[in-house]
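Structure, as structure tokens:
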Amino acid sequence: MLYGREDPWVVPMWGQRAYLNLRLEAAKLGKPVDEVVRYLEISPAGHCPHDEAPETVSQITDDWLVALENNDGGHPLEGKISIPCDIEEADGRKIHVDFQGERPPRNAGEWIGTISLRSKLSNR
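Going by my numbering, the first residue of the sequence shown is number 15, and it counts up by one from there.
Here is the structure:
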């Protein structure tokens, strides 16, 4: 999952909630979550990160596809880009990429929005 941190319409809570749902599914399958999904946030970027930070999205996507193609039994989502990192756009802007998989909620809204999913995960 690649998410624009400054998305004004789909707030970070929804990205976290989607990630937690995928974690729950991974737990049901008995797989480690990091073999199923990565949750990356890029900043500054909003609702359309592919338009706002095309070089960053392209590099992350290319890295992911190469990792999938070259997977020889290793970690299927681990590419060559070391995260967290900054990627320079064609216009000189630096876009920060950070792995947000296991981070705690940033505010009360995120915590409340994910509490039922977190309780389901803790019961596994």
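Think of the CB as a built atom: it goes at the ideal place given N, C-alpha and C, for glycine as much as any other residue.
Beta-bridge partners of residue i, as assigned by DSSP
i: L54; result: L16, F113
i: D76; result: BP columns for D76 are empty, so no partner.
i: D100; result: H110
Residue burial classification, residue i (beta-carbon count within 10 angstroms, cutoff 16)
i: A67; result: buried
i: T70; result: buried
i: L82; result: exposed
i: P22; result: exposed
i: V111; result: buried
8 Å Cβ cutoff met for residue i and residue j
i: I109; j: A41; result: no
i: V51; j: Y33; result: yes
i: Q73; j: I56; result: no
i: G29; j: H61; result: no
i: L16; j: P46; result: no
8 Å CB neighbourhood of residue i in its chain, flanking five on each side removed
i: F113; result: R52, Y53, L54, I97, P98
i: G106; result: none
Local conformation of residue i per DSSP, three classes
i: K42; result: helix
i: V71; result: helix
i: P22; result: coil
i: D105; result: coil
i: H64; result: helix
i: N35; result: helix
i: A59; result: coil
Other residues of its chain near residue i: CB distance less than 7 Å, five sequence neighbours each side excluded
i: V24; result: H61
i: N84; result: none
Cutoff 8 Å: residue i Cβ touching any chain D Cβ
i: K42; result: Checking the listed chains, one finds no chain D in this structure; it contains a single protein chain.
Cβ-based neighbour list, residue i, same chain, cut-off 6 Å, excluding 5 preceding and 5 following
i: E20; result: P58, G60
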